[in-house]
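**Student:** If you read the sequences in order, they're chains W and B.
Every number in this note's numbering is 4 more than the matching position in the first sequence, counting from 1.
Every number in this note's numbering is 295 more than the matching position in the second sequence, counting from 1.
Note that beta-carbon positions come from the ideal geometry of N, C-alpha and C, so glycine has one too.
Note that the structure is predicted; figures quoted are calculated from it, not measured.
This is the structure I have questions about; it appears just below.
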Amino acid sequence: MAPVSSQICPSPLFASSVIQMAHGSGGRLMHELLARLLPLLPGTVHQNVRHDGAIIPVGPWENLAFTTDSYVVRPLFFPGGDIGKIAVNGTVNDLAMCGAQAKALSCSLIIEEGFSVATLERVMASMAEAARVAGVDIVTGDTKVIDGGSGGNLFINTAGIGAVNPGITITPSRIVSGDAIIISGDIGRHAVAVMSARSDLTFNPPIESDSMPLTALVQALIQAGIPIHCLRDATRGGLASTLVELAESSGCGMAVVEKEIPVSTQVRGVCEILGLDPVYLANEGCLVAIVAADFAESALKVMRTVAAGERAQLIGRVTSQHPGVLMMAGPYGTKRTVPMLSGDQLPRIC
Amino acid sequence: MRFVDDFRDEELVATLALAIKHAMSKPRRIMEVCGGQTHTIVKHGLDQLLPYGLELVHGPGCPVCVTPIEKIDAAIKAASVDGAILCTFGDMMRVPGTTQDLLTAKAHGADVRTIYSPLEALSIARDNPVREVVFFAVGFETTAPANAMAVYRAKSEGLRNFSIISALVLVPPILHKLLDTAGVERVDAGSDRGVDAVLAAGHVCAVMGLKEYHRLAESLRLPIVVTGFEPVDLMQGILMCVQQLEAHQYRVENQYSRVVLPHGNTIAQRIVTEVFAATEAGWRDLGRVSASGLSLRDGYLEFDAELKFPLTADSLCSNHQRGLCRAGAVLTGQIKPPQCSAFAKECTPMHPLGAPMVSSEGACAAYFHYRGGQVDGASQFSDLS
Numbered sequence: 005m006a007p008v009s010s011q012i013c014p015s016p017l018f019a020s021s022v023i024q025m026a027h028g029s030g031g032r033l034m035h036e037l038l039a040r041l042l043p044l045l046p047g048t049v050h051q052n053v054r055h056d057g058a059i060i061p062v063g064p065w066e067n068l069a070f071t072t073d074s075y076v077v078r079p080l081f082f083p084g085g086d087i088g089k090i091a092v093n094g095t096v097n098d099l100a101m102c103g104a105q106a107k108a109l110s111c112s113l114i115i116e117e118g119f120s121v122a123t124l125e126r127v128m129a130s131m132a133e134a135a136r137v138a139g140v141d142i143v144t145g146d147t148k149v150i151d152g153g154s155g156g157n158l159f160i161n162t163a164g165i166g167a168v169n170p171g172i173t174i175t176p177s178r179i180v181s182g183d184a185i186i187i188s189g190d191i192g193r194h195a196v197a198v199m200s201a202r203s204d205l206t207f208n209p210p211i212e213s214d215s216m217p218l219t220a221l222v223q224a225l226i227q228a229g230i231p232i233h234c235l236r237d238a239t240r241g242g243l244a245s246t247l248v249e250l251a252e253s254s255g256c257g258m259a260v261v262e263k264e265i266p267v268s269t270q271v272r273g274v275c276e277i278l279g280l281d282p283v284y285l286a287n288e289g290c291l292v293a294i295v296a297a298d299f300a301e302s303a304l305k306v307m308r309t310v311a312a313g314e315r316a317q318l319i320g321r322v323t324s325q326h327p328g329v330l331m332m333a334g335p336y337g338t339k340r341t342v343p344m345l346s347g348d349q350l351p352r353i354c
Numbered sequence: 296m297r298f299v300d301d302f303r304d305e306e307l308v309a310t311l312a313l314a315i316k317h318a319m320s321k322p323r324r325i326m327e328v329c330g331g332q333t334h335t336i337v338k339h340g341l342d343q344l345l346p347y348g349l350e351l352v353h354g355p356g357c358p359v360c361v362t363p364i365e366k367i368d369a370a371i372k373a374a375s376v377d378g379a380i381l382c383t384f385g386d387m388m389r390v391p392g393t394t395q396d397l398l399t400a401k402a403h404g405a406d407v408r409t410i411y412s413p414l415e416a417l418s419i420a421r422d423n424p425v426r427e428v429v430f431f432a433v434g435f436e437t438t439a440p441a442n443a444m445a446v447y448r449a450k451s452e453g454l455r456n457f458s459i460i461s462a463l464v465l466v467p468p469i470l471h472k473l474l475d476t477a478g479v480e481r482v483d484a485g486s487d488r489g490v491d492a493v494l495a496a497g498h499v500c501a502v503m504g505l506k507e508y509h510r511l512a513e514s515l516r517l518p519i520v521v522t523g524f525e526p527v528d529l530m531q532g533i534l535m536c537v538q539q540l541e542a543h544q545y546r547v548e549n550q551y552s553r554v555v556l557p558h559g560n561t562i563a564q565r566i567v568t569e570v571f572a573a574t575e576a577g578w579r580d581l582g583r584v585s586a587s588g589l590s591l592r593d594g595y596l597e598f599d600a601e602l603k604f605p606l607t608a609d610s611l612c613s614n615h616q617r618g619l620c621r622a623g624a625v626l627t628g629q630i631k632p633p634q635c636s637a638f639a640k641e642c643t644p645m646h647p648l649g650a651p652m653v654s655s656e657g658a659c660a661a662y663f664h665y666r667g668g669q670v671d672g673a674s675q676f677s678d679l680s
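Put into structure tokens, the structure is as follows:
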């Protein structure tokens, strides 16, 4: 062979003095950023517990769950949803992941100068409908208008509160070896819906976002007395990032069987064409439930009686082996690691 | 999905693994050219299903990985041209240039856009008539036709604000360079074997056909099997290689006949030939190879961003960590990614030292992603049932 002229490559000089888009994609960079920022907030309660919401004791009979989330999705409307719908469901679901039923939401709008009032009304109507479906009231809000370059942007922040029974502790620290890992439905529909709207890829029939409230599903599990150790909705970063995060925060390993993970034929088709891995695709109506080892079957039975859990599936087990690592068993008897995404997932180019 | 599922059939994969074992009489090294194939192999652990003594060597077929740093720097410079919009495929965004990558340029205010098709860049140019739209064209023969079509259309529409940076490269010339004399030289002592056979990239051949590979097989006295990307494809391609080797044959066989025609896609070839001509091209860490790249023909030079704007880099490679990354050795199959001392230490997908750790087709990314940094896969695993 002709000699390799040099086998070197310069290292990047981007020690991230500025924020990049990948800092917001729910993957490794975002976790690095949080690890850097959280210590700057010394008052932060339970800094080491990464959860979708905070639990605040308010009295002997009730704890308060409190959460906030900002919504910046582009485009504002996509098959199966819009920014208003996910602004409600996202926050409702963050509360649900604490075992709480959402009681009230706030709604803060940041609107760029030039934004269409009719579009704004359309988004508000969608929020109202989503709130009605989720059984939550939007009780307070704020509106700010900012200078805009393109005049087309709208950002929404919602915060939510809900009540939790003090007897319920749903947190990664309760995860133990042997626990069952259950996913509530098929994955990837939200990401594909947004991607299709974003890049004019159209599918027939359209793939719609799975955005929906998960409160009823969680409450059904609680009422059935299922020992839920942890819950997490698999939003940004998808199922894989969610499970890696739980593996890391619990110190346990996650062992999942690939073919047990429900993925619709359509989403699989899109993933095949674009070279995407569905386990990294964002969801807006899909949760991971980690339940006590012996309760896998009963949890599945309960979940499948609720609309949001019809396609619930046992996908794996928590293990004391490979702590902090998610491993996936493939179809050929071989296994692979599944790390957290380190940037945005990108379609392949050849 | 049935079509895909057939080529992932568990029993068929097991049967082929057994057939390979029975067919093989001595150790062999087979290079899979395409990064897509590398990913299938590592993701599904196909290498672990192969008999002892059959080693898969990962080839140079990752377009992002082989793009030379000068081209990345040129793209970053193009992004900083006043009023310019730089469009490229997502994978290119995170490949380190000399001082930064395109994502960092974007974070600092440059208008850098990820697109899915070169024709999207064209519509961005139409929608922004007062801005310069530069498309950073990267890829092998597979992506060349779509790039050619974008330039061809730009010319017929009279679009003056569209241009491309061509980092398009061709597979046969680099294979010839890598495999011509004694096969791939091993950097680790103890083995004198080079590459015994090649799995050629199916999609490249779908466009270009088999003609050049016949020449290559003949001149290198090397079995070449044009192979697809699914587990069954790869296992069958490997079996076909082993069978040729055992029979002392060296010819081109087409495992991927459901996609690849012997003459390729002549319509695609015509548009490529209309717009591009073969030219000497630089390959990251592999030097310059004659007639291994595609540059715009005379009639299309007005669309060459490197002629239109001053994009030549001022300085190259001033980095103190220079030397850690062994992308060249990985791209030529001389080492497996975990044998690089920086692998999973200084070099991770989050802080890549080289393109093979960035690209979704890069071998380093495949090992990092699917093996957690292990060469032989993750051995520790509990039962899942």
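Using a Cβ cut-off of 8 angstroms (strictly closer), state whether Ala314 (chain B) contacts chain W.
**Tutor:** Chain W, which has no Cβ nearer than 8 angstroms to the Cβ of Ala314 (chain B), makes this no.
**Student:** Where does the unbroken beta strand (DSSP E) through Leu330 (chain W) begin, and where does it stop?
**Tutor:** Run containing Leu330 (chain W): 330 to 333, per the beta strand (DSSP E) assignment.
**Student:** Rounded to the nearest angstrom, what separates Gly289 (chain W) and Ile191 (chain W) at their Cα positions?
**Tutor:** Computed Cα separation, rounded: 9 angstroms.
**Student:** Considering Cα atoms alone, identify which of B:Gln544, B:His403, B:Ala572, B:Arg408 is closest to Gln24 (chain W).
**Tutor:** Closest by alpha carbon: B:His403.
**Student:** Output the distance between the C-alpha atoms of Ile232 (chain W) and Leu247 (chain W), rounded to the nearest integer angstrom.
**Tutor:** Between Ile232 (chain W) and Leu247 (chain W), the C-alpha separation is close to 16 angstroms.
**Student:** Straight-line CA distance for Ala542 (chain B) to Val196 (chain W)?
**Tutor:** Computed Cα separation, rounded: 48 angstroms.
**Student:** Please tell me whether Asp141 (chain W) and Ala108 (chain W) are closer than 8 angstroms, where the distance is taken between their beta carbons.
**Tutor:** Going by C-beta atoms, Asp141 (chain W) is nearer than 8 angstroms to Ala108 (chain W).
**Student:** Hey, quick one: how far does the alpha helix (DSSP H) through Ile226 (chain W) stretch, first residue to last?
**Tutor:** Unbroken alpha helix (DSSP H) run through Ile226 (chain W): 219 to 227.
**Student:** Can you pull the chain B residues whose beta carbon is under 7 angstroms from the beta carbon of Gly279 (chain W), in chain order?
**Tutor:** The contacting residues are Ser655.
**Student:** Indicate the three-state DSSP secondary structure (helix, strand or coil) for Tyr75 (chain W) in the structure shown.
**Tutor:** If DSSP states are grouped into helix, strand and coil, Tyr75 (chain W) belongs with the strands.
**Student:** Shorter than 8 angstroms from the beta carbon of Glu276 (chain W) to some beta carbon of chain B?
**Tutor:** Yes, its Cβ sits closer than 8 angstroms to a Cβ of chain B.
**Student:** Using the beta-carbon of each residue, which ones in chain B are nearer than 8 angstroms to Gly389 (chain W)?
**Tutor:** No statement about residue 389 (chain W) is possible, as the shown extent of chain W runs from 5 to 354 and does not include it.
**Student:** Give the residues of chain B in contact with Leu33 (chain W), contact being defined as C-beta atoms less than 7 angstroms apart.
**Tutor:** Within chain B, the residues near Leu33 (chain W) are Met645.
**Student:** Quick check: the segment 265 to 273 of chain W against the segment 221 to 241 of chain W, are there 3 or more CB pairs under 8 angstroms?
**Tutor:** Touching, no.
**Student:** Can you give the beta carbon distance from Asn287 (chain W) to His194 (chain W), rounded, assuming they're within the 8 angstroms contact cut?
**Tutor:** The pair is a contact, with the Cβ atoms about 5 angstroms apart (cut-off 8 angstroms).
**Student:** How far does the alpha helix (DSSP H) with Gly434 (chain B) in it reach, from first residue to last?
**Tutor:** Premise fails: Gly434 (chain B) lies in the beta strand (DSSP E), 428 to 434, not in any alpha helix (DSSP H).
**Student:** Taking the Cβ atom as the reference point for each residue, do Val322 (chain W) and Val180 (chain W) lie within a distance shorter than 8 angstroms?
**Tutor:** Closer than 8 angstroms, so yes.
**Student:** Skipping 5 residues on each side, what residues in its chain have a beta carbon closer than 8 angstroms to that of Asn549 (chain B)?
**Tutor:** Around Asn549 (chain B): Cys500, Leu505, Val520, Val521, Val555, Pro557.
**Student:** Kindly indicate which residue of W:Ser130, W:Ile174, W:Ile114 has the alpha-carbon position closest to the one of Gly145 (chain W).
**Tutor:** Closest by alpha carbon: W:Ile114.
**Student:** Can you give me the start and stop residues for the alpha helix (DSSP H) that Ala637 (chain B) sits inside?
**Tutor:** Where Ala637 (chain B) is concerned, there is no enclosing alpha helix (DSSP H), given that its DSSP letter is neither H nor E.
**Student:** Under 8 angstroms, Cβ to Cβ, is there at least one residue of chain B near Ile23 (chain W)?
**Tutor:** With 8 angstroms as the cut-off, Ile23 (chain W) counts as an interface residue toward chain B.
**Student:** Could you spell out the range, first to last residue, of the beta strand (DSSP E) harbouring Met258 (chain W)?
**Tutor:** 257 to 261 is the span of the beta strand (DSSP E), which, as asked, contains Met258 (chain W).
**Student:** Assign Ala167 (chain W) to one of three DSSP states: helix, strand, or coil.
**Tutor:** Strand, per DSSP.
**Student:** Rounded to whole angstroms, what's the CA-CA distance from Asp355 (chain W) to Val352 (chain B)? Just pull it up for me.
**Tutor:** Within the shown structure, residues of chain W are numbered from 5 to 354, placing residue 355 (chain W) beyond reach of any answer.
**Student:** Among residues of its own chain, excluding the 5 on either side of Glu480 (chain B), which ones have a beta-carbon nearer than 8 angstroms to its beta-carbon?
**Tutor:** Unreliable placement is indicated for Glu480 (chain B), whose pLDDT of 44 sits below 50; the coordinate value is still reported in the next sentence. Cβ neighbours of Glu480 (chain B) beyond the five flanking positions: Gly489, Gln629.
**Student:** Could you say which of W:Asp86, W:Gln317, W:Met101 lies nearest to Met128 (chain W) if we only look at CA atoms?
**Tutor:** The shortest C-alpha separation from Met128 (chain W) is found at W:Asp86.
**Student:** Less than 8 angstroms between the CB atoms is what I'm expecting for Val359 (chain B) and Asp396 (chain B), so what's the real figure, rounded?
**Tutor:** The Cβ separation is near 12 angstroms, so there is no contact.
**Student:** Specify the secondary structure class of Gly577 (chain B) as computed by DSSP and reduced to three states.
**Tutor:** In the structure shown, Gly577 (chain B) sits in a strand (DSSP, three-state: E or B).
**Student:** Which residue from B:Tyr347, B:Arg389, B:Phe457, B:Lys316 puts its Cα closest to that of Glu597 (chain B)?
**Tutor:** The shortest C-alpha separation from Glu597 (chain B) is found at B:Phe457.
**Student:** Suppose the cutoff is 6 angstroms on Cβ atoms and the five residues either side in sequence are ignored; what does the same chain contact list for Ala374 (chain B) look like?
**Tutor:** Closer than 6 angstroms at the Cβ level, and outside the excluded window around Ala374 (chain B), lie Leu381, Ala400, Ala405, Val407.
**Student:** Could you give the C-beta distance for Cys620 (chain B) and Leu648 (chain B), rounded to a whole number, given that I count them as a contact under 8 angstroms?
**Tutor:** The pair is a contact, with the Cβ atoms about 4 angstroms apart (cut-off 8 angstroms).
**Student:** Quick check: the Cα distance between Ala132 (chain W) and Val143 (chain W), rounded to an integer number of angstroms?
**Tutor:** The straight-line gap from Cα to Cα measures roughly 11 angstroms.
**Student:** Can you check whether the CB of Gly328 (chain W) is closer than 8 angstroms to the CB of Ala251 (chain W)?
**Tutor:** Yes, the Cβ-Cβ distance between Ala251 (chain W) and Gly328 (chain W) is below 8 angstroms.
**Student:** Can you grab the Cα-Cα spacing for the pair Ser636 (chain B) / Arg340 (chain W), in whole Å?
**Tutor:** Taking the straight line joining both Cα atoms gives about 22 angstroms.
**Student:** Cβ of Asp83 (chain W) within 8 angstroms of Cβ of Ala238 (chain W)?
**Tutor:** Here the sequence assigns Pro to residue 83 (chain W), which means Asp is not the residue at that position. Cβ atoms of Pro83 (chain W) and Ala238 (chain W): not closer than 8 angstroms.
**Student:** Whole alpha helix (DSSP H) runs in the segment 234 to 291 of chain W with 4 or more residues, listed along the chain?
**Tutor:** Within the segment 234 to 291 of chain W, the complete alpha helix (DSSP H) runs of at least 4 residues are 242 to 254, 269 to 278.
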